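In order, the protein sequence lines correspond to chains A, B, C, D, E and F. The numbering used here applies: residue 22 is where the first sequence begins, and numbers increase by one. The numbering used here applies: residue 22 is where the second sequence begins, and numbers increase by one. The numbering used here applies: residue 22 is where the third sequence begins, and numbers increase by one. The numbering used here applies: residue 22 is where the fourth sequence begins, and numbers increase by one. The numbering used here applies: residue 22 is where the fifth sequence begins, and numbers increase by one. The numbering used here applies: residue 22 is where the sixth sequence begins, and numbers increase by one.
Protein chains: 6
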Amino acid sequence: MTQAPDPIQAPLGTPVDTLMLVHQVERRAWGEGREGVVLVLGTSAGRIGTAPLWGDRQAWADGLVRGTIVRAAGRLGSFRGVRQLELSGLRIAPPDAAPLRALVPGTTTTAADWTLLDEARRALRQPGLGRVLDLFYDDPSFRTAYQECPASTVGHHARLGGLLQHTVEVVTIGRAVALAAGADRELVLAGALLHDVGKLEAYAWSTGVFELTEAGALLGHIVLGLLMLDRRLARPVPPLCSDRELALLQHLIASHHGNLEHGAPVRPMTLEAEVLHYADDASAKTSSMAEALASPEYFAENGPLSTRSIWQVDHRRIFRGRGEWASVSAVAGEP
Amino acid sequence: MTQAPDPIQAPLGTPVDTLMLVHQVERRAWGEGREGVVLVLGTSAGRIGTAPLWGDRQAWADGLVRGTIVRAAGRLGSFRGVRQLELSGLRIAPPDAAPLRALVPGTTTTAADWTLLDEARRALRQPGLGRVLDLFYDDPSFRTAYQECPASTVGHHARLGGLLQHTVEVVTIGRAVALAAGADRELVLAGALLHDVGKLEAYAWSTGVFELTEAGALLGHIVLGLLMLDRRLARPVPPLCSDRELALLQHLIASHHGNLEHGAPVRPMTLEAEVLHYADDASAKTSSMAEALASPEYFAENGPLSTRSIWQVDHRRIFRGRGEWASVSAVAGEP
Amino acid sequence: MTQAPDPIQAPLGTPVDTLMLVHQVERRAWGEGREGVVLVLGTSAGRIGTAPLWGDRQAWADGLVRGTIVRAAGRLGSFRGVRQLELSGLRIAPPDAAPLRALVPGTTTTAADWTLLDEARRALRQPGLGRVLDLFYDDPSFRTAYQECPASTVGHHARLGGLLQHTVEVVTIGRAVALAAGADRELVLAGALLHDVGKLEAYAWSTGVFELTEAGALLGHIVLGLLMLDRRLARPVPPLCSDRELALLQHLIASHHGNLEHGAPVRPMTLEAEVLHYADDASAKTSSMAEALASPEYFAENGPLSTRSIWQVDHRRIFRGRGEWASVSAVAGEP
Amino acid sequence: MTQAPDPIQAPLGTPVDTLMLVHQVERRAWGEGREGVVLVLGTSAGRIGTAPLWGDRQAWADGLVRGTIVRAAGRLGSFRGVRQLELSGLRIAPPDAAPLRALVPGTTTTAADWTLLDEARRALRQPGLGRVLDLFYDDPSFRTAYQECPASTVGHHARLGGLLQHTVEVVTIGRAVALAAGADRELVLAGALLHDVGKLEAYAWSTGVFELTEAGALLGHIVLGLLMLDRRLARPVPPLCSDRELALLQHLIASHHGNLEHGAPVRPMTLEAEVLHYADDASAKTSSMAEALASPEYFAENGPLSTRSIWQVDHRRIFRGRGEWASVSAVAGEP
Amino acid sequence: MTQAPDPIQAPLGTPVDTLMLVHQVERRAWGEGREGVVLVLGTSAGRIGTAPLWGDRQAWADGLVRGTIVRAAGRLGSFRGVRQLELSGLRIAPPDAAPLRALVPGTTTTAADWTLLDEARRALRQPGLGRVLDLFYDDPSFRTAYQECPASTVGHHARLGGLLQHTVEVVTIGRAVALAAGADRELVLAGALLHDVGKLEAYAWSTGVFELTEAGALLGHIVLGLLMLDRRLARPVPPLCSDRELALLQHLIASHHGNLEHGAPVRPMTLEAEVLHYADDASAKTSSMAEALASPEYFAENGPLSTRSIWQVDHRRIFRGRGEWASVSAVAGEP
Amino acid sequence: MTQAPDPIQAPLGTPVDTLMLVHQVERRAWGEGREGVVLVLGTSAGRIGTAPLWGDRQAWADGLVRGTIVRAAGRLGSFRGVRQLELSGLRIAPPDAAPLRALVPGTTTTAADWTLLDEARRALRQPGLGRVLDLFYDDPSFRTAYQECPASTVGHHARLGGLLQHTVEVVTIGRAVALAAGADRELVLAGALLHDVGKLEAYAWSTGVFELTEAGALLGHIVLGLLMLDRRLARPVPPLCSDRELALLQHLIASHHGNLEHGAPVRPMTLEAEVLHYADDASAKTSSMAEALASPEYFAENGPLSTRSIWQVDHRRIFRGRGEWASVSAVAGEP
């Protein structure tokens, strides 16, 4: 059944028969008494809206809520240049009909990512620092949540496992920057592993819809991360680190957005915090550019220059031509 | 002779007898008819002003200009909390009395830096790209200038060889960011090697005083770099690259400051340009922070918190305490 | 045939039968299986969309691409308050059916404009400066392109010949400002003639659709203008000017946007560059205001106050009432 | 002894003989071998520098550190238009020679302020909310610290007890704004009482010198306040409030600076947080203006218009003339 | 008749038969020749658009202009999620069929508001100041206009009587801030009563449509208020106040927006002007937040967190949950 | 006597004996009981400070106030690189010893300037507009003040007659811009003549010290100009123009700074206001650049590139080299 082409990327006219996730159910009235139901459905490749369900077909939407899994049949059409799914059938599937990653975009490199992070942790020469990280990274429930959590709800790395992927990138880039700057690589590593832990409490993703939690909206992931670290560190007796060491770790979390106007309550004051900020920024911003370059919607005429400005990268237009040079970005085996 | 302690860093009261470079000669009149001469002299560790030369001693300054090498004797004092050199003797030394690097701050890793850059160039899989870089990097006069040029006149890496050091950092960080972002590492490398070539024409440093050239002031190093690339590429027949490839390389230079308000005539539009911008920024900004942390002047009371805000890092205050954790930043042999 | 009223400005209901230029061809699917084709067509007065072509009429669009000239028949209607062309017939016309200016907005004063610029050039007292300008302005292919090029793709003077008109305005205003400021009028004139030459390589307009070229997007017209000047000056032997003179001319181009955040890689550092910047700005901004005041769309209720804010002039609202005073702006014969 | 006029405000030439606090001890060398010691001393009215102590008098400074209490004798002079204390004698006084408020600026209304705050707390209709506030405001050590803490180190209310005074102002203004806006006055009161508690850990003042603590520099008073509330609330079993209620209280602290660029990690999202922000801002900013108007230094010529711009109020110039109208600001007994 | 539920707030499907005000009449053409008329109608609860009137029903719109009162019958529907009124009948009602406040949102507390303002005026101890205020506030035509005028056309307090309500809030908050800041409360009161008088000439509201007048658009309410004060003060002989006193009052009007970028020609330079600015700002901004919290449209899913960002409050998202604590904001009888 | 070289520009060591204006008298105390008096004196070429007057010479300052004319003898010296006048004699001269323009910088082209403005006025085709201008420009006391008033206190055209000179420049540039933009040249002329009339009440200059008046500080020259126009127009019966015409003229004054953040209460909404803004800006900004280029202080080493950034032109560095081209800016007889 899921052998059918994914409706997010298939050509117009393709027939569809696949499991999908319900993101939105909206009952609308059109002029002169016509009423219908419009759904937004998703797969691991993204989301798509349906053509309205008219008349008796509206009953197909009975019982649907955000997060319901459905089996959708129909074909791909478009309306005003926007692709839509024209349904010929729809029925509710059992909740365990498919794993979440089959229905929502996600990463696939979890095991290798964990290996990289865990080896970096084990290589720490300062046992105190390692034990602070262990409070999180040796906790199975933390790991389970962390490897699913997206890195943002609509921005960079907004997919299941995106936070883990972003963390690996920050660790990797942070190591290179720390080397150039002469910063303490162990503190930078600790910062990379701790800087976004607050997103576990700031985001909800279990329904497949990525949203801010109430606490995420009211306090933000930076404050939540500071509180999470504080609460975990309050338990061990004797304490795992001195007050100053705690302040240095908290400072890494508090300042990683770099500037007050980006939501950091303080600007980086240590070399390690400065390094962490640039590693975080480089991962987030170049990832946004890479994602925009991969979106067919910005290159309507298939040329190298995007046909409109792109909000994800501050409304720039972007260019994906390369000349005659062959790209080497996917070449395997390079150090 | 140069075994005497360097007067830039020695304790107050230390006797001085060493070769120094003249940075400034100023004749001043004080109230009630007193006149004197004040000099600014430098060594490889920085600069220092002298106490005024009164009466007959003013003749010591005859014939001095910026760039003269002198042998200065005296002792270290201070005035209003600012350190000064109280001269007891001064005479002009021959122009070849000492190499420039003995008189001006400079880096010491030139050979290793060249090795790293040249091996990266040789590993390029795209011969066309390599030949463009060779136009600069196989040119001995380019190499001679490049390895001396500072990376800025008063900002980050403002020392002899600072541009080469900065380039190595951008190459290293750029490689890590390109890996995370899935960018073409060869283009990023080319951008790292080309982005600041304009500084060779924008800065003058041969007198030991770092200054903007006229062209540097009127056009800036970005425009000068674009013109340098254009002129070198105009010579080979047939041309080394297509028009689009040239535009892509020029775009890397033109956009590497990232934002218009930082002097980029265009913002990055390719993934490689975005990666280069973040690598350049991370190298420059973390280097500024590291330099500020190493300046004793900001930590007047020897505590961990700087006693005033620091203009090099956007007027932040900075912190250099570490708690009990031993720093590992200088540990050798780490990958 | 072209005696029929221009469909861009005629009243609703007017019949249409005229040559038009194809700007856009879009095939759309509406709900419940309906599909159609929508065109955007243009004349010398602007552009208009068509009502969808349904059923067999879709075949009318076969073979149309951007830049095709068509003969369109029908009448003017509107949909949701937006004017549209309801076609009753459409067929492709020969490529030479009409000159570009009959199909795209353009200026009409070319000859007078050339006279003004050429006389100003000939009156230069400094022959060296004149010879630099001659490299461009005595080149017939440059003149042919320059007198067609728009001054922007969607902003001020966005019409065929707009760049020539803008240049004349900058020359005229620049002369008045230079007089007030005591600036060198010859250098200001040179700057006015050179500041936007890069637009010839930054814009494409031959299809009647104004677009950025790849080089225009990647480098911008300022960098392209600098490169064009550099390449033309590289040819003559002996060189037409000294290095400093070249830098002064390049500085006029490089700084004419005035501020880094408007894309100037350097800010004006000479009085002539400052004068040029203000002349350029005054021409561009007051032209935008004049164009907005002439757009009926902003004065829906025919009153003197625009009914909404206008993006071309930074989202201001504008006013076109005059009281009892008769306007003298169109009075002929005034110096 | 302290009957002698306060040297901060007395006219030039006034003899001085009073207890003062040492703020700074600096040993300086002047040109040509002269050395001396300069002190900064303070009283309840502010601070003043001394003329240099030359020769044997330098021994007067032996044993002085920041915070030492001294008995200073001499007269008031000035140097370059800046007032200075010309010492004729100085000796160290016992640490208990005078209470801190006799040596450092401070408020005098502590008891009335506490009454106002405590009555407001007792009038709360929601017992849960009151119990949260009691965790702080029923704690004697909290009260002792709170009534001494300044509201800033160099800005508004920078005096002993300034934080308590600022809190009373925020409570009073917040009540008026809440009434106008229809906000929940009890939550606004809770926010006013909690918003700046972090300053107890962010500021150090016990030596009479107001400084940031390490934690204050690295995390800021907002983050410290969030952590303090979290830690105090972690103790009671069962918890004093629900998770959402805690988030609402934390949100009041986190957002009270109103904008990210002023250091709030989140912007106000509840009506009560919005009200608190405006009350806090109105108290801080009008207090800064009132303090600037009371500084004789800005009205050098005794006219109504300040003779220079004033950094405390964003570099405005200010005006203190009133015309013929008598001021009623000090009229007693008004509600 | 007006017992029927108000169509702005009633549930979908509710039948409607009520007097309404015409805000907009628009004749539109749809594709394939269909034409219709769409109206925007309003009541005291807000505005709503109608479904298009097709065919013969278009005649219902004959004779309608902005400000016409109509009796509208039909039922509430929706189109694309936007509520609309589906008319079954419409006829023009006499101009006196209902008072303006029955047709346009308005406040209801006018008498109490006047009492508060008039008592505050009478309590002034400085008779000269009172007589200046009397020039406006004892003028019956001023009072009639002032109690109807909205405080903005689309922002805070945008309802009949909104200006009077805003004035009362500024008086109340201003009194609290003046008390905290030690400002002259009488001048602050005078400023509160005068600061927005220019809105009487800047806004038109008599048709029930709130609009800028020509003078309001060309000069703004601040300049108009300054001119109104100047003209009223020009009449009495002898003058009611000295030149400086006049300047102080004009300064209160001129500076009340606080910053140049918000349209104040000067920034506050007196303590009273600073106080007035904060009182004005607190009233306007917290009122905007309160109005946004009361808009059902932002809480589509009925949860506590707004489902999208809200332009009225600078694109923040907002939160209206309260936990278990009962709100006391509506408790009567509190001081 | 005044044949002696002007001390502002003469070389160091030059003897001085000339009439000067007292700008400042300051009595200072130096360390160890030394007291002295420092003066700031001025001539038509600028200002200079004196070396301190010690001992009995302090009596020379008895009776001096700002604006006193003195005969000063001595020679030019310098202290810390700042030029100072070392007095050997000083006595008070009679108040009529020299006209103000001999003692304060001023322009010299008054008569030609008036001719240009008066002819432009007389050429107006709309008599109503001319009569409004006559209210000011036919008033002898207005003319007397206008031809002396500086255009700013410390910025552009800050000299006696600077306002008249600036007005002529705005008229001239405005005419060129209006021509290019198709604006009504008569309204632009009216705006140029009225836009800065408020400076007559905003500035005081009769003592030779340029200062803000109280009204100038509290209201600014824009508001004062609006009030001046309003009051003059209130007198004639019947009125000289309609309400809308008055609003259009007031709008020209109110909006001429162009942006709110530069103190315009409204932005330009008419084409004429837009033109006036650019003419005003071009005159003010290019004049500032020209004045900076003429200041020897920025070109310490006599090279073409300023040795430091210059606050008058937004902290740019500037360049005054010209290459081989001869400047034509001073060529006579050009139109």
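The beta-carbon is built from N, C-alpha and C at its ideal position, and this holds for glycine as well. Bear in mind the structure is a predicted one, so any value in this text is a computation, not a measurement.
Under a 10 Å Cβ-count criterion, E:G34 is classified as exposed, with fewer than 16 other Cβ atoms of the shown protein chains found around its own Cβ. In the structure shown, A:H216 adopts coil according to DSSP, grouped into three states.
Annotation: the stretch 264-306 of chain F contains the following complete segments of the alpha helix (DSSP H) (minimum length 4 residues), in chain order: 264-275. Unbroken beta strand (DSSP E) runs of no fewer than 3 residues, entirely contained in the stretch 78-142 of chain D, are found at 90-100, 103-113, following chain order. In summary, the residues of the stretch 224-240 of chain D whose CB is separated from some CB of chain B by less than 8 Å are L233, E235, A238, L239, in the order they occur in the chain. Rounded to the nearest whole angstrom, the CA to CA distance from C:H44 to C:V61 is 5 Å.
At a cut-off of 8 Å between beta carbons, F:A311 contacts chain C. Leaving aside the five residues that flank D:D302 on each side, the residues in its chain whose CB is nearer than 8 Å to its CB run, in chain order, G279. Excluding sequence positions up to five before and after E:L111, its CB lies within less than 6 Å of the CB of W81, V91, A93, all in the same chain and listed in chain order.
Buried is the label assigned to C:H298, since at least 16 other Cβ atoms lie within 10 Å of its Cβ. Assignment of C:I331 by DSSP, reduced to helix, strand and coil, places it in the strand class. Interface residue (Cβ-Cβ distance to chain D less than 8 Å): B:P325 is classified as such. For E:D302, the chain D residues whose Cβ falls inside 9 Å of its Cβ are Y299, D302, A303, in order along the chain. In this structure, the alpha-carbon of B:A213 lies about 6 Å from that of B:T188. Apart from the 5 residues on each side of it in sequence, E:A202 sits with its Cβ closer than 8 Å to the Cβ of L292, E295, V296 in its chain, given in chain order.
Taking a beta-carbon distance threshold of 8 Å, E:A31 does not count as an interface residue toward chain F. Counting along the chain, A:R68 sits inside the beta strand (DSSP E) bounded by residues 67-71.
Per DSSP, E:E190 is one residue of the alpha helix (DSSP H) stretching across 183-202. Using beta-carbon distances, D:F340 counts as an interface residue toward chain F, with a partner under 8 Å. Neighbours of B:L314 across chain A, judged by C-beta separation under 7 Å: L292. Counting only Cβ-Cβ distances below 8 Å, B:V244 has contacts in chain C at V244, L247, Q271, A275, P286, V287, in chain order. A distance below 7 Å between beta-carbons, with the five flanking residues on each side excluded, links A:T174 to the following residues of its chain, in chain order: Y224, F231, E232, L233.
Sixteen is the threshold: since fewer than 16 other Cβ atoms of the shown chains lie within 10 Å of the Cβ of F:S162, the residue is exposed. Counting only Cβ-Cβ distances below 7 Å, A:A268 has contacts in chain D at E235, A236, L239, L240, in chain order. Per the DSSP secondary-structure output, E:Y224 pairs in a beta bridge with E:L233. Closest in alpha carbon position to B:D134, among B:A123, B:R164, B:P126, B:L121, is B:R164.
Comparing alpha-carbon positions, the option among E:E107, E:A119, E:E190 lying closest to E:T130 turns out to be E:E190.
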